[in-house]
Each structure stands twice: as C-alpha cells, then as structure tokens.
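Peer 1: The following block contains the structure, expressed as structure tokens.
Number of protein chains: 4
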Amino acid sequence: MKIGILTSGGDCPGINATIRGVCKTAMNHYKMEVYGIHNGFRGLLDDEIVPLGESSLTGLLSMGGTILGTSREKPFKKHSNTSLAEEKSAAILNTIRKHAFDCIVCIGGNGTQTTAARLADVGVNVISIPKTIDNDVWGTDISFGFDSAVSIATDAIDRLHSTASSHQRVMVIEVMGHKAGWIALYSGMAGGGDIILLPEIPFDIHRIGDAIIGRLKRGKPYSIVVVAEGIPTLNGKKAAQYIAEEIEYETGFETRETVLGYIQRGGNPTAFDRNLATRMGGHAIDLVAQKQFGRMISLKGFDITSVPLSEVAGKVRLVSENHDLIVQGRHMGICFG
Amino acid sequence: MKIGILTSGGDCPGINATIRGVCKTAMNHYKMEVYGIHNGFRGLLDDEIVPLGESSLTGLLSMGGTILGTSREKPFKKHSNTSLAEEKSAAILNTIRKHAFDCIVCIGGNGTQTTAARLADVGVNVISIPKTIDNDVWGTDISFGFDSAVSIATDAIDRLHSTASSHQRVMVIEVMGHKAGWIALYSGMAGGGDIILLPEIPFDIHRIGDAIIGRLKRGKPYSIVVVAEGIPTLNGKKAAQYIAEEIEYETGFETRETVLGYIQRGGNPTAFDRNLATRMGGHAIDLVAQKQFGRMISLKGFDITSVPLSEVAGKVRLVSENHDLIVQGRHMGICFG
Amino acid sequence: MKIGILTSGGDCPGINATIRGVCKTAMNHYKMEVYGIHNGFRGLLDDEIVPLGESSLTGLLSMGGTILGTSREKPFKKHSNTSLAEEKSAAILNTIRKHAFDCIVCIGGNGTQTTAARLADVGVNVISIPKTIDNDVWGTDISFGFDSAVSIATDAIDRLHSTASSHQRVMVIEVMGHKAGWIALYSGMAGGGDIILLPEIPFDIHRIGDAIIGRLKRGKPYSIVVVAEGIPTLNGKKAAQYIAEEIEYETGFETRETVLGYIQRGGNPTAFDRNLATRMGGHAIDLVAQKQFGRMISLKGFDITSVPLSEVAGKVRLVSENHDLIVQGRHMGICFG
Amino acid sequence: MKIGILTSGGDCPGINATIRGVCKTAMNHYKMEVYGIHNGFRGLLDDEIVPLGESSLTGLLSMGGTILGTSREKPFKKHSNTSLAEEKSAAILNTIRKHAFDCIVCIGGNGTQTTAARLADVGVNVISIPKTIDNDVWGTDISFGFDSAVSIATDAIDRLHSTASSHQRVMVIEVMGHKAGWIALYSGMAGGGDIILLPEIPFDIHRIGDAIIGRLKRGKPYSIVVVAEGIPTLNGKKAAQYIAEEIEYETGFETRETVLGYIQRGGNPTAFDRNLATRMGGHAIDLVAQKQFGRMISLKGFDITSVPLSEVAGKVRLVSENHDLIVQGRHMGICFG
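Residue numbers (my numbering), protein chains in the order written: chain P, 5 to 341; chain R, 5 to 341; chain L, 5 to 341; chain Z, 5 to 341.
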C-alpha cells in the first residue's frame, strides 16, 4: 500500500513523533510506502510530495514543529466563488490519483478534522489524527501537544510565584485557549493559581476582587491569576490586560500581566506526548491496514480507539463546569470566577 | 472531624502536592482538622504528630519529597517475636485514640497499602492513596510520581543519544523497576530506545545482538538500550553492567552503561503528577466525609474512584506483554528481548 | 558584629542564594549576627526587622525571589517636599541606631546602588551587592540573575524556532532591557536569532527587511527576531508589536510577536548564578569584617573584588557596538539593525 | 582559503555550536571553504572528508554531540612500532596535501591539544579549540561544555535533596573529573553539597564523619556529599561506593550512592556554552585569516584570546586549594575533606 501523510493547522509538540510512529509502523511492519505531503492541504493542491525513508526519521521523536511544514489552507471551505472550490477539489483528487495513494493520513486540529471529513465525502480514503495544544478536538479524551503546553505554562506560572510573593503583587498570566479553557484549567491547577478563568465559566469581577482581598486577610498579600485568552473582555482588550486592569481597580493591588504566547506551542514534547503521539501514529496505520477508513484516532481512558470522522467534524470539546478538577479546585478555595 | 496523615515508603514527586490537596480540601470545604504524623508509621508508634495549618502548605505543590518525612517501618509485619508485633499494634491504637483521630490517611506504595489494610483490620478508619514512581500499585491505572520519573528518565535517554551517535557506541541505561518495568517501557519508548528490557519479558541476548548488528547494517552504527533494574542477570551483576558486558561480547561494539538511580525519585513533580496528586488528595477527603473507610483512591481512565484496601494488599501491577506500547513498539522494530 | 541585610528593587534569581552566602559566612566563620530587614528600605523606615538563624536558610540556594521581600522605596530621592525626605532619613538612622547595626548590606540594582551611596553619605556603614537580570549595573562585569534570565529567554527562543520553520513565519520575541540590551544580545546569539535589536544600536527597518528577504533567497523562508523592550518605536507601541508590524509591511511575511515578560525574572537560578551569588555574599561579609565600608561587590573577569559605591551611583552599563559578540555575530551574518 | 575541521576525544555540549561558529564566520565573512573531517584524526588517516554548506548548519547551535563524529585516535602517540607511527603521519600529511587545506581546525580536550601540537610540529597549519566538560585544558579559564555539565550535575543534586531530607539519609553523588575536580566543585557549591571531595584535595574520612554528625547535632539529620570520580579509593572501588561505605561505617547513617555518568556529557548546551562555543569558533577563523597558526583559542576573563599550542600540550589544569569557591565554601562550613 502507498500512503500520503500531511500536517495541517497550528504546529504543536508531538507532530514529528506521530510522523515517526506512522512511518516506522507502516514501513517496518506492514511494508507500506509513505510519502510526505508538504504544507498541509496546500501540498495536495500543488503536488509537493516526497518519499519518506528511514533516514528522514532520525531525531523526530523529540523534535518540535513538523518537518512536513503546515498551512491553514482549507480547500473545501465554502467560497463565495464556487468554481474555485471545485477547482481545488479537482486538483486534490488529481494529485491523489496521480500518486495512487491508498490513503491520506491527516494530522491536525478541529479545522483539519472538518477538511478531512470533506475529503472522505468526495471518496478519498482518509484516516485522521487529532493534534492540538488546546485539547479541544471532539471525540478524544486528550490530544498530544496538550501535556507539553500545560507543562510549559505550569513552568511559567511557577516562575511568577517568585515575583508575586517578593513584591506582594497580583500576577495575571494569559495562556492559550480561544473557546476551550483546558490549558488554563490544567496549568492553573498545577501551577497553584488562586484564580482561574475559562471561556466556559462566566466570571464576576467583584468575586475575583473578594478572593484576592480574602487572601490578604489570611496573610497572603499576593495572588496568581491564570486566564484563558478566550474569556470575554470589554473594548476588544486582551484577556490578561483587561483582567489586570479590573483587578487593580477593584482591589488597589499592584497588578502585572504576562501573555505566554507562542512558546506554548514550540519545543520538545513531554514524554507523555511522545508516547501518545507514537501510539496514535501506529494505530492510524493499523486502521489503514484493516481498510477502516473515514475515522479519527482517539484516546479513551488509556486505550487508543477511533471514531467516525463524520461525528467529529464541526464540533468543539469544551470544559464542563462539573469537571473533576473544577469541583476539586472549588473545594480547595480556588476561585473560578 | 479530625484526621491524621502520614507518608510511608520511598519518597516520590507529588507527595507534598497530595498533602496540600488533602489539607486544603479538608480545612476549606469540610472544616476538618488535619494533623501531620512524622516519618510514616513510626510517627504513630512514637506519637510524633503536629497540627497542620494553611501556612504549612506554602510551596508544597511543586516541592519534591515529603515534608512529613517517611520511613520503611511496617508495624504489622509478621515478626519472629509476636509480642513485639502486639506491642507495636497497641502503641499505634493508643496514639490514634489519644488524638481522637476519625481517620488516618496513608500515602504510600505497595508496602504501605498492605500496612494500611492491616490497620483497617484492627478497627482503624483508614483511607489510603497510592504513591510510587514504579507504577506497580495494584488497583489504579497510574499513580503519581510515575510521570515525573518517566520524564527524568526520558530526559536522560535524550542526552545519551548525543554520545551514542557521536562515538558510534551502544549506550545502556538502567532505570528503576524491581518487579515492574513501567518506567523502562514508558521512558524507553519516549526516549527512542532501540532495545527495551523489562522484568516481565524474558530476553535472549543473541536476539539483542542481532538487533544491534541489524541497525549497523541499516546505517545506524549506534544503539540505545533501556533496561529495568529488575531484569534477571548472572552472578549478582547489576542489570546495566551485565547487559553492557554481554552486548560487547556478542557484537564487539564499544558499550557504556549508566545507572540513573535516585535522581528518578527527586525534585519537582510534572504538571500531570501535580494534578493527579491534588485530585487524589481531595477525593480521599471526600471519602472521609462520606465515612467510606477502608478504601484506596484509584485512577481509572480519567476518573478518580476507589477500591477496597483488602483487594489491593499484597498484589503487584505488572506490565502485560500485550500492552499497547509493546505491541506498537514491536511493529516499529523495537526489540523487547 | 551585628549586620542588617535588605533586598530592594525588582526581584531576580539568585537573591536568596546571596542572602544564604551572607548569612552562612557571617554566622559560621565570623560569628556575626545577621538581621533581615523586610521589603527593602521600607523595612528600615518601618522597623520591620527579624533575626535570621540557620533554619531560615534551608532551601534558599535554589529558590527564586527574595524571602525578605522587596519594594521600590527610595527614601533619599529628592522630593518636592524636603521635610518628608528629612523625616525619612531620620527614621532610617533611628532604626539603625536602635538595632546597633555595624553595617547594612544592600542587595539591589542601579536604583539601590544610588540609595546605598546616599546612605553611606549620611554616615551609615554600607556594603552593597549588585543584582539585576538586566546586567546594567556599572562597575561589575556580570551581576547574578543575568545568566538565569538569558537561560529562560534562550529556551523561549528555542521553542519559537519550531513554529517559525513549520509555518514559514517571522517570529519576533521581546525580552527585557529598557536601556541596556544585554539579555537581547546574549539570548539572541544563544538562541540563533537572525536579527537582534538593542537599545544601544540604531536600526534601519529596510535593512531588517532585506535580511529577512535575503534568508528567503538562501532557502530559509522564516526568521527569528529578538528585540530588547527598550528599542525606540513610534506612537508608543511596544517593541515587539512595532517591529512585527513593520516587518510585515516591509516583507509581506506573516509575522507573529511574543513578549516574554515577567517569567524572565522568576524561578530557580542557574548553577552559574548560584555560585556568583554565593561568592558575592561571602565577599561582602569579608569586607564587613575588614571594615571596608562604602563599597559595592563586583566581578572582574573571574575574580570577585569591589568598587567604591560613590563611583557606581547614577551610572548604567551599556552594550558597546564593539562588543565581541556583536562583531562576531556580524561576521556570521546576523543583522543588528 | 580552504579549511578542514575535526572533532576529537569525548563528546561534549557545544561542539556543534563551535562548528557552526567556524563555518558561518568562514563562509559568510571570509569567503573560505570549509570541509568536515569525520571521526577525529581517523578521518585524516582514512580521508573521510565532506564539504560543509550552509544547509549542514541548521539546528546545530542547540544540538548536543558532534555531527562530524569523533574518535580517540592519537596518530602521533609513541608506539612500540615506530614504522606504524611514521605511516600514520605520512597518511595524514598526504590527505591534507591532497585536499590542499590551508589550515586544520581541531576541536578537542587535552589529548587533542597534544596531537594538534604534534601536527603543527610536522609542518601543518593548525588552530585548535579547547573542548571538555572537565574544564581541565591548560591555558583557558573555561572551556565550553563545562557550564552545561555543571548545570546537569546541579540539577541532579537538587533532586537528591528531596530524598535525603525525606528519608534522613546521606546521599553521595559521583560526578565526572578524573584528575581535576572542577565539576564537583562548581556543582557541589551550586547544589548545596555539605561535603565536596576533589582529586586535588586530600580528605580524611573521620573529618567527613564529624561533619555529618555535626549537622545532625544542628538539627539536620541528612547530608549531601559530592565526589569527583577521580578521588583516591581503596581496593579499586569506585569513588561513590567507597565513600558511601566509609560514611556508613563511620556514622551509622543510612547512605546511598548515585553515579551520574554519561548524562553529564550529552544534550543541549546551556546559553553560556553556546555563546562561548560560538565566540571560540569565530575567533579561530579570525586567526586563520591572519595566518596566526599553531595556537589554541582561549578564554581569559571575558576576553577571547589565544595561546601557543606548544605551551598547552601535555599539561592539565587543576583546582587550586586557594580557589575562591573553596575558601568561600570553607567559611560557610562546607567540608572539603
């Protein structure tokens, strides 16, 4: 069999480990050929495709980013210009036919899953693998990249404790998460955040102020506030800036903000993410061998399984207010807004 | 309610985070009092017990080791001297009665779970929490400390790749795991080990030699070998030394060994372990509040639950040869012996 | 002898290691008593002073921040209100007399050195120790905190490489340094920055654009730009945002910015900073024992020495355009503006 | 001009950064051609030589090990078989002539410096660069690799503190350093070692026992002992094992040992080492351009300079008992034997 593999959407730690898992399993066990498609779906449009051999895989397990390159190209997106969409669709099918690929393995986040589902709809054999630091792909308990991002954010929060306590300040740190607050929740809890704000849970700035003043009264004249970038703000302000200004207004405490930004996506994956990525890559190829196409690889508990792509497309996995870490955090006195 | 908490057995990253989770949940939500028992069960024998307040908890989330101290005291171990055992049992019950503890929370590994079960047998209200870097406590999918140990071991294996490839050597690294090879399996896979040896899987030194020579033939004149300390050896040799000598004899390759040792147990827990430890600590107190005693906290998939202590005692959780990572690793060409 | 010690100005990794070096040397070797003055010079105004014993020192070597707390209080600053300045001066002298301190050891940055010089002017025995992540204290080759900050910034730049190359983007990262570009220079060179902008070196946005396009032509369609926060911008924009917008305008490349912020100041000091901090702390006490007051501890090459406080006050140590790393960097093709 | 570059002896963090510094400076500024000689001096014997282009340099700054490979081949070593030595010498001169190299840049430790001096003696233009984690090359204040090794060792010692204090144990850690105790001294001081043993300073096991018991009396029932691998022992025992057994015998304390081993040599260099490596690489090429051959690059204070190879060969740089860190450490109560 002959497989094409592509990576699409934002980069995230563990993509290269997945590529390695896919390639080693395919080449070593199933004797398949694997081709790398460059820059996401754009590589299918432009026919930028190269064969991958064992020597391409050296060092991939621990390397951040994606050696295949990525893009945000969504060829099946509804355009005002219908003929363009048809043209792109034809170009992609043409490329796949030309290379005689038996399957396209797509590694990506929510947008990629939707595109992969469309690709399956037009008759291509597709297996997809979820990849996102935000952990918001529907249909899997965890996606690789998330543990690494939480790790980096937790390390950053650890560092802010020094400044917060030495200067008796409120430190606000903004972490990634537009719609879903998974990184804020996990890094906030792991980093010892006193207030944690997620897009999914409405907050009341007075209660936040009360929490900070309550800490002062208990002998803790400093606080750590962890906010997801996607919480609602006023006047188009960024999350950290908005919350810092409001806290300073409410409490009179000197408040400083930090926006963690792109360093959450880069660098070496954690051991956890490397193993998850490796397993997902291998299982994708097991499915290819079994000709079970049109599915996304998924982690359920500790088991790797898969779900139909058609169920995944267009959904987002959000944090529930009843999530164990939130209930537990509230019991411990952490303010979620 | 009034609770005593103790930590017993080898230290491991995340114990202090658990103590914090127990205390914050107990004090803040349930208005319980918590007392710290020093040096494991020895503190119950010697009545070394102090109240824990909020100020004791500062910095605990990220701190390695245990602020309560630990020991390997097993007061209910069958002694040749029966009267000593009875004396110890009486002393412990006496201390618990004196302090009027409603429950003893025991944090520890396999030995501790067995002692905790005995303590429950003599009528004490007990909740236990599994803690081990070895991940070999029966009844829980993962115990905290494991992810941190795997992280440290993976980082060490990453470093050995530099030397292995620069010098065209075989590097053998020995990680912890007397009976169970979990650390070797997870760090070996995450660190890109070429050969991974666990106590649970018999190995054939010729096959290992063949794997190393096979790599040479494919243009990779170096290999990384990850071994658990508990694999069988000859003449009482330590695992790494034995395997290194055998490989050198079999293949003629220059081979070097490293024993990772105690640094696997120490230092800051990973974000994953901090959250697992926090959740387990909190749920222990939920059980206390519900008077569901005689149980060990457990992780099943992503849910925290509990199992009867009587089921746990005396068992060890081993790696199965059908474990997904092993099956997957074999497909990728990794040699498990 | 009886010594008071205070920490003033922004927190920085290694302050606690210095406090430990001061205390251990003073107590163990010279049998002096040491008192901790809280929150910088404010503690001298308010008489917030506690004795320091050996038990206060546990864990300090690797701990970020300052256990003494800090403030930006500058009691000798020229006020419009002269009587307030006189009042503060009197209060401070009163506190020092009351405690019968033979010397005040002041740990701080440029502002602190100036205040320490004023304190010496009014007749107090003072020894000061330079402390700043910015490395801009005049009179010392390096101050502790700098190596840690460079380490953190370099690690962040390493992470951005993944995203830059996977997405074929320009990534701009802003590091600390208002007047002096030391962090930008050292982390930019260590992190493989392609363009490095310091407050000390004027830049031309066209040359920067040319450098980025030159890289594209040589097959590198991505670049890393490291900027100090203090470079000149237009319309009050922050450094990273301004440069990112200008680069996007000049080159048409997708450009993203990251502001590293407070995480550069926090967390564990590097081994280098711990040893520098320890040595500076110890030598401060050697000077106290020799009654050589009115001096700032200094590193010259690899030797610890000292300089008169009167020479230090009011100066800033800037990067010279002839600095070896810049000359070297230019030879390697790095653009400094 | 046309240059050959080789790396010889044990691998160490920063070699690849040096290669990058050499190549970028040579190619970009001086328009020289650079050729990579594989596996140290063996590559000169066997004519394993490839041109290096800009694309070879991607990722080198942060990569551990050496992309050129290394060996311990010493072609000018006095052999019983004189004709072999002459043969090797002829082969090397032949290779150099064949490629018309204007200079050979040799990166290596003490052994390499001696070989480089011999190569200069037979008329070859040579510039050498010191490289060793042990910091024992004579003629330079610091060599790259040392700061990285100290960093790794310090991190390991940090981890042992958890176990030492939780279990009330003595933890002995053995770090690299056969003849010179630089790593033990710097990591021991940075890691908070209580006893630090170097090959250069004779120790008395009774004084060590007294130091440990003295700590117990001051309320610290645990100690950290850092030993260089090269300290004298009895019966051929390894340093850590010998010291641990003696301490247990002297004090009755439970004592555990850890041998850090090869992980000290591997992995990413610190920011400090990357910049030192880069500068040394660049200055080597400056010397080549000036035709100042027969010299080793050297760091003196903060300046890069050079010394005649003939002065360096055959010497070792040891720790003096009057080293500032030792004097300072003794004042603080640390036992050096």
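Note that CB positions come from ideal geometry on N, CA and C, so glycine has one too.
At a Cβ threshold of 8 angstroms, is residue 282/R touching chain P?
Peer 2: Yes - at least one Cβ of chain P is within 8 angstroms of the one on residue 282/R.
Peer 1: Out of curiosity, what's the CA-to-CA distance linking residue 172/L and residue 258/L?
Peer 2: In a straight line, the C-alpha of residue 172/L is about 8 angstroms away from that of residue 258/L.
Peer 1: Should residue 144/P and residue 314/P be called a contact, given that it needs their Cβ atoms to be closer than 8 angstroms?
Peer 2: No, these two residues do not count as a Cβ contact at 8 angstroms.
Peer 1: Looking only at DSSP bridge pairs, what is residue 11/L linked to?
Peer 2: Residue 11/L pairs with 111/L.
Peer 1: Helix, strand or coil: which one does DSSP assign to residue 321/L?
Peer 2: Note: residue 321/L maps to coil in three-state DSSP.
Peer 1: Kindly indicate if chain P contains any beta-carbon less than 8 angstroms away from that of residue 154/R.
Peer 2: Chain P contact via Cβ: present.
Peer 1: For chain Z, check one thing: does any of its Cβ atoms lie closer than 8 angstroms to the Cβ of residue 147/L?
Peer 2: No, residue 147/L does not count as interfacial toward chain Z.
Peer 1: DSSP three-state call for residue 175/R: helix, strand or coil?
Peer 2: Reduced to three states, the DSSP call for residue 175/R is strand.
Peer 1: Can you look up residue 75/Z in the DSSP assignment and give me helix, strand or coil?
Peer 2: Three-state result, residue 75/Z: coil.
Peer 1: So, with DSSP's three-state summary, where would you put residue 181/R?
Peer 2: Three-state result, residue 181/R: coil.
Peer 1: Have a look at residue 48/Z and residue 54/Z and give me their C-alpha separation to the nearest angstrom.
Peer 2: Straight-line Cα distance between these residues: approximately 12 angstroms.
Peer 1: Which chain Z residues are close to residue 191/L, counting only those with a beta carbon under 8 angstroms from its beta carbon?
Peer 2: Neighbours of residue 191/L on chain Z, chain order: 275.
Peer 1: Anything in chain Z within Cβ reach of residue 328/L, meaning under 7 angstroms, just list it in chain order.
Peer 2: In chain order: 283 and 308.
Peer 1: In the DSSP assignment, what residue or residues form a beta bridge with residue 232/Z?
Peer 2: Paired residue(s): 179/Z.
Peer 1: Given residue 124/Z, which residues of its chain have a CB within under 8 angstroms of its CB, disregarding the five upstream and five downstream residues?
Peer 2: Cβ neighbours of residue 124/Z beyond the five flanking positions: 130, 297, 298, 313 and 314.
Peer 1: Which stretch, first to last residue, makes up the beta strand (DSSP E) that contains residue 261/L?
Peer 2: Element bounds for residue 261/L: 259–263.
Peer 1: How would you list, in chain order, the residues of chain Z whose beta-carbon sits under 8 angstroms from the beta-carbon of residue 222/L?
Peer 2: Those within 8 angstroms of residue 222/L in chain Z are 58.
Peer 1: Could you tell me which chain R residues have their CB closer than 7 angstroms to the CB of residue 32/P, listed as they occur along the chain?
Peer 2: Chain R residues near residue 32/P: 335, 336 and 337.
Peer 1: Quick check on DSSP: helix, strand or coil for residue 198/L?
Peer 2: Residue state, collapsed to three classes: coil.
Peer 1: Just the C-alpha distance for residue 195/Z and residue 99/P, rounded to the nearest angstrom, thanks.
Peer 2: Computed Cα separation, rounded: 59 angstroms.
Peer 1: Here's the rule: buried if 16 or more other CB atoms are within 10 angstroms of the residue's CB, otherwise exposed. What is residue 119/L?
Peer 2: So residue 119/L ends up on the buried side.
Peer 1: Exposed or buried, which one is residue 86/R when buried takes at least 16 other CB atoms within 10 Å?
Peer 2: Exposed, since its Cβ has fewer than 16 Cβ neighbours within 10 Å.
Peer 1: Tell me whether residue 28/P sits in a helix, a strand or coil according to DSSP, three-state version.
Peer 2: In this structure, residue 28/P counts as helix in the three-state DSSP scheme.
Peer 1: Among 166/R, 45/R and 248/R, which residue has its Cα nearest to the Cα of residue 93/R?
Peer 2: Nearest option by C-alpha distance: 45/R.
Peer 1: For the structure I just gave you, are there three or more beta carbon pairs, one from the region 250–267 of chain P and one from the region 173–193 of chain P, closer than 8 angstroms?
Peer 2: Result yes; three or more Cβ-Cβ pairs closer than 8 angstroms.
Peer 1: Are any of the Cβ atoms in chain Z nearer than 8 angstroms to that of residue 25/L?
Peer 2: At least one chain Z Cβ lies under 8 angstroms of residue 25/L.
Peer 1: What's the call for residue 75/L, buried or exposed, on a 16-neighbour Cβ count within 10 Å?
Peer 2: Answer is buried; the Cβ neighbour count reaches 16.
Peer 1: Can you give me the C-alpha to C-alpha distance between residue 88/Z and residue 168/L, rounded to a whole angstrom?
Peer 2: Their Cα atoms are separated by approximately 52 angstroms.
Peer 1: Taking only three categories from DSSP, how would you classify residue 132/Z?
Peer 2: Here residue 132/Z sits in strand by DSSP.
Peer 1: Around the C-beta of residue 238/L, are 16 or more other C-beta atoms found within 10 angstroms, so that it is buried, or is it exposed?
Peer 2: Classification of residue 238/L: exposed, given that the 10 Å Cβ count is below 16.
Peer 1: Indicate whether residue 271/R and residue 68/R have their beta-carbon atoms separated by less than 8 angstroms.
Peer 2: Against a cut-off of 8 angstroms, the Cβ pair of residue 68/R and residue 271/R comes out as a contact.
Peer 1: Return the bridge partner residues of residue 297/Z from the DSSP annotation.
Peer 2: In the DSSP output, where bridge partners are listed per residue, residue 297/Z has none listed.
Peer 1: The region 247–261 of chain P: which residues have C-beta closer than 7 angstroms to a C-beta of chain L, in chain order?
Peer 2: Answer set for the region 247–261 of chain P: 260.
Peer 1: Among 38/P, 22/P and 34/P, which one has its Cα closest to the Cα of residue 70/P?
Peer 2: Closest option to residue 70/P, Cα to Cα, is 22/P.
Peer 1: Would you tell me roughly how many angstroms separate the C-alpha atoms of residue 243/R and residue 231/R, rounded to the nearest one?
Peer 2: The straight-line gap from Cα to Cα measures roughly 7 angstroms.
Peer 1: Between 307/P, 215/P and 310/P, which has its C-alpha nearest residue 334/P's C-alpha?
Peer 2: If we check each option's Cα against that of residue 334/P, 215/P comes out closest.
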